[in-house]
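When we follow our numbering, the leftmost residue of the sequence shown carries the number 13, and every step to the right adds one.
In this text, a Cβ means the ideal position worked out from N, Cα and C, and glycines have one as well.
Okay, structure first, notes after.
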Amino acid sequence: MWENLGVVIRVMLFGALSFYLPGRAWSAWIFAARKPTAFFVPPLLLELAVSVVTATLVGFVLLEASVWSPLTFAAVTSSVAALGWWASRDKAKPVYGREDLLLLFVGAAAAWWLLPPFEARFASGDATGYLAAGIHAARVGSFEVSDPTVGLMDIDLRRILFPSVAMDRGSPPYLRLEGGYVLQSLDGAQVLPAFHHGIVPWVALTVTLVGSSAAEWVFGVFGVLALVAVYGVARSLQLSPPSSLAVVTLAAVQPVLFFYCRFPMPEVTAAFFLWCGVALALGAGPSTVQAVLAGLALGCAALIRLENAFLVCTGLTLAAILSPPGTRLAWAFFPAFLLSGHALLHAYFWRTHYWGNLINFLASQATTTRSLVLFGLAAGLVAYTVWSNRGGRKLTTVRAQVLAVAVAVAFAAAVQLWARNTAEWSLLWDWSGGLLLMFGLAGLFVAAAAASSLAQTLVICLVVLSGLVFFLGPQATPADLWVLRRATTVLIPGLCLTLVWGATELCRPLPRKLGTLCLSATLLLALFAPVPRLLTVINQEYYTGGAIHSQMLATSLDRPAALLVHGSLAPLSIAPLLWATSEAPVYYVTNPQDWLVADLLRALARVGRPIYFLLPGDLPPYNPPANGGWRPHLRYRFAWSSPFQNRPLAAPTWKEIDLSIYRWQASP
């Protein structure tokens with residue numbers, strides 16, 4: 013009882029420090045430095061953004077410096093909050109109002125809809141890599157993990173076991189564990205998480221406060237906050253509260269977004285930062301301070317996933333080109349580009365295989381990329397020239413509305429004709445019910461006609477750019493749902509926004525009852541289109557009991573240990589998590605030569621740790637010519653359901669997972 017009470021107290025204290033106190037401390041100073049604008053950001057959303065951005069930057073920098081701990085995190089974050097209280101000491105705190113209550117309502121409804129998160133401990137792709145990275149960081153206070161087994165191997169064995177994943181296939185980094193870790197140098201023992209590092213501070217903090225079994229909750233909480241941020245953008249676009257709630261509801265019922273709000277991957281976490289930045293940008297007006305905050309939030313999206321640096325920097329640049337001059341939002345450029353540069357430098361110095369993939373993709377697609385960029389710029393300039401409000405044209409006449417609808421439908425149809433044979437388009441069409449794409453693209457064109465500020469144009473540019481990235485980006489796997497995750501950060505929420513925004517602009521000049529009827533009919537059609545697919549996802553009990561099963565395997569191993577895993581179990585993606593929870597460096601072994609296993613066992617034996625071998629339940633272990641043999645240690649069976657092992661998505665299909673663990677016993 014007392015232990016649970018201690019966990020609750022710690023979560024409340026650090027939750028307030030991460031999500032509320034820094035923003036509340038600075039809010040009076042920020043609001044005193046701004047002027048009234050047509051777009052208003054509720055105090056609660058601004059305070060949330062300031063707090064989360066502060067906690068993210070503090071945690072990220074502390075991990076880079078290898079000095080992260082709950083105490084150092086609390087000390088630095090508290091210092092930022094204390095500085096805010098001092099700066100705001102003679103200023104009135106903003107008063108919460110109706111908009112803040114609506115934000116709380118959206119957050120509570122989203123939490124009811126999305127939580128708890130999936131316990132994605134098996135057959136979950138890269139997800140276990142992110143969980144393992146946070147568990148390691150919580151223990152060592154750094155992104156880097158020391159692997160004591162590497163230094164005991166001959167250099168020739170290291171070259172065989174750890175192939176280069178760089179573009180030239182010879183230089184660092186080297187693949188230490190598929191789906192989990194990379195090795196910085198063949199001469200050292202420093203291992204890095206193989207993926208993006210921006211979410212790691214949050215996972216580390218959660219693991220420290222609650223335990224490794226709660227690591228997935230970080231992603232679920234940010235899924236809830238992402239919908240709150242989308243609501244804030246809708247209100248900042250001057251959509252009515254009912255229309256803004258319709259945007260959030262439309263986003264929440266999208267099967268792909270519903271799944272990834274509960275799944276431990278960072279795309280939806282990045283969506284929170286990006287849409288928070290957009291909401292702050294829409295409400296910045298003449299406020300330099302709020303523009304800087306918008307840039308910081310947008311830059312944090314680049315820290316969470318590196319490709320967002322392209323979206324943020326290119327989107328801001330295009331929006332500036334296509335918008336009236338003189339806006340204070342230009343102050344968002346410096347922090348956004350600064351943090352994007354930080355993300356790029358981090359990817360270079362804390363090099364993972366993403367750096368090599370990025371350079372290789374840009375080099376191989378150079379001609380196509382240049383052509384598409386030029387085409388996109390030309391199309392944007394033409395659209396801006398035709399539809400800009402600078403000439404006084406607005407959607408206030410029947411003729412203008414008819415023309416807008418005709419052009420919007422033609423635009424959506426043209427995009428469909430161009431992309432209908434692409435796998436990405438077919439997947440997105442199938443999973444969204446189709447109407448989100450058609451109505452969203454039509455709304456995108458209408459919204460472009462109504463956009464009159466840099467921030468509004470930024471929304472349009474981000475949606476267009478995210479669509480290009482989604483259709484042109486490299487495919488990591490043929491799994492449908494895995495490919496679609498790249499649409500969850502901007503494209504799907506953005507199409508929900510442009511659908512409602514465009515429909516509202518078209519219905520605004522109509523008589524009130526007729527406009528309400530047309531808008532309601534459009535929204536209802538779009539809302540119900542994805543419901544069949546959504547019900548299929550809801551009815552499947554994905555990842556049930558994942559924490560219990562992974563804990564059972566982890567507790568069966570003595571700590572610290574060393575672990576061999578049969579290569580056929582790589583799709584099960586449990587190896588990185590076992591390394592983190594059991595402090596057991598992992599090696600995949602698939603159809604090896606006897607001498608290779610023997611050399612590996614001899615090297616691991618020098619560490620003085622117990623050595624285990626994880627295999628499919630019906631497969632005997634390799635018995636290399638070494639001094640010892642394998643002894644049965646554990647046989648474990650359980651039922652498991654994952655969308656990545658059932659293609660195509662159909663009725664619930666449970667698969668039995670049968671695992672055996674053997675322990676190496678050296679000869680006397």
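Taking every protein chain shown into account, the CB of residue 24 has fewer than 16 other CB atoms within 10 angstroms, so this residue is exposed. Residue 363: not part of any beta strand (DSSP E); DSSP gives it neither H nor E.
By the neighbour-count criterion, in which 16 or more other beta carbons inside 10 Å mark a residue as buried, residue 78 falls on the exposed side. Nearest Cα to residue 263 within the set 253, 240, 573: 240. In the DSSP annotation of this structure, the continuous segment of the beta strand (DSSP E) that includes residue 674 starts and ends at 667-678. Contiguous alpha helix (DSSP H) elements confined to the segment 153-212 occur at 167-173, taking only those with 4 or more residues. Note: residue 627 is bridge-paired with 672 in the DSSP secondary-structure output. As for any alpha helix (DSSP H) of minimum length 4 sitting wholly inside the segment 19-47, the runs are 33-44, ordered along the chain. Non-local beta-carbon contacts of residue 516 in its own chain, meaning distances under 7 angstroms to residues more than five positions away in sequence, involve 251, 255, 531 in chain order. Under the three-state reduction of DSSP output, residue 601 falls in the strand class.
A direct Cα-to-Cα measurement between residue 225 and residue 33 gives close to 27 angstroms. A residue is called buried once 16 or more other Cβ atoms fall within 10 Å of its Cβ, and residue 195 is buried on that count. An exposed status is given to residue 629, since fewer than 16 other beta-carbon atoms sit within 10 Å of its beta-carbon. In the DSSP assignment, residue 575 falls outside any alpha helix (DSSP H) and within the unbroken beta strand (DSSP E) covering 574-578. Going by C-alpha positions, residue 68 is about 8 angstroms away from residue 312. Between residue 122 and residue 292, the C-beta gap is not smaller than 8 angstroms, which leaves the two residues out of contact.
The straight-line gap separating the alpha-carbon atoms of residue 309 and residue 90 is approximately 20 angstroms. Distances from the CA of residue 325 to each of 576, 356, 299 were compared; the closest alpha carbon is that of 356. With respect to the 8 angstroms criterion, residue 42 and residue 301 are classified as neighbours on the basis of their beta carbons. Straight-line measurement puts the Cα of residue 229 at about 11 angstroms from the Cα of residue 236. Every alpha helix (DSSP H) stretch that sits fully inside the segment 514-572 and reaches 4 residues is listed by chain position as 524-540, 543-551, 558-567.
The three-state reading of DSSP puts residue 643 in strand, counting E and B together. In the DSSP assignment, residue 79 falls outside any alpha helix (DSSP H) and carries neither an H nor an E. Looking at the DSSP output, residue 652 shares a beta bridge with 667. Shown here, residue 109 sits in coil according to DSSP, grouped into three states, outside any helix or strand. Residue 438 holds the alpha-carbon nearest to the alpha-carbon of residue 493 among 172, 456, 508, 438. Contact between the segment 532-542 and the segment 554-563 is absent: fewer than three C-beta pairs spanning the two stretches fall below 8 angstroms. Taking all protein chains shown into account, residue 677 has fewer than 16 neighbouring C-beta atoms within 10 Å of its C-beta and is therefore exposed.
The continuous alpha helix (DSSP H) containing residue 293 extends over residues 279-294. Inter-segment contact for the segment 200-215 and the segment 144-162 is present: three or more beta-carbon pairs are separated by less than 8 angstroms. Here residue 124 is exposed: its Cβ has fewer than 16 other Cβ atoms, across all protein chains shown, within 10 Å.
In this structure residue 616 is in contact with residue 623, their Cβ atoms being roughly 5 angstroms apart against a cut-off of 8 angstroms.
Distance from the CA of residue 35 to the CA of residue 99, rounded to the nearest whole angstrom, comes to 12 angstroms. The continuous alpha helix (DSSP H) containing residue 311 extends over residues 300-316. With a cutoff of 8 angstroms on beta-carbon distance, residue 222 and residue 19 are scored as near each other. The beta-carbon separation of residue 572 and residue 596, rounded to 6 angstroms, stays under the 8 angstroms limit for a contact.
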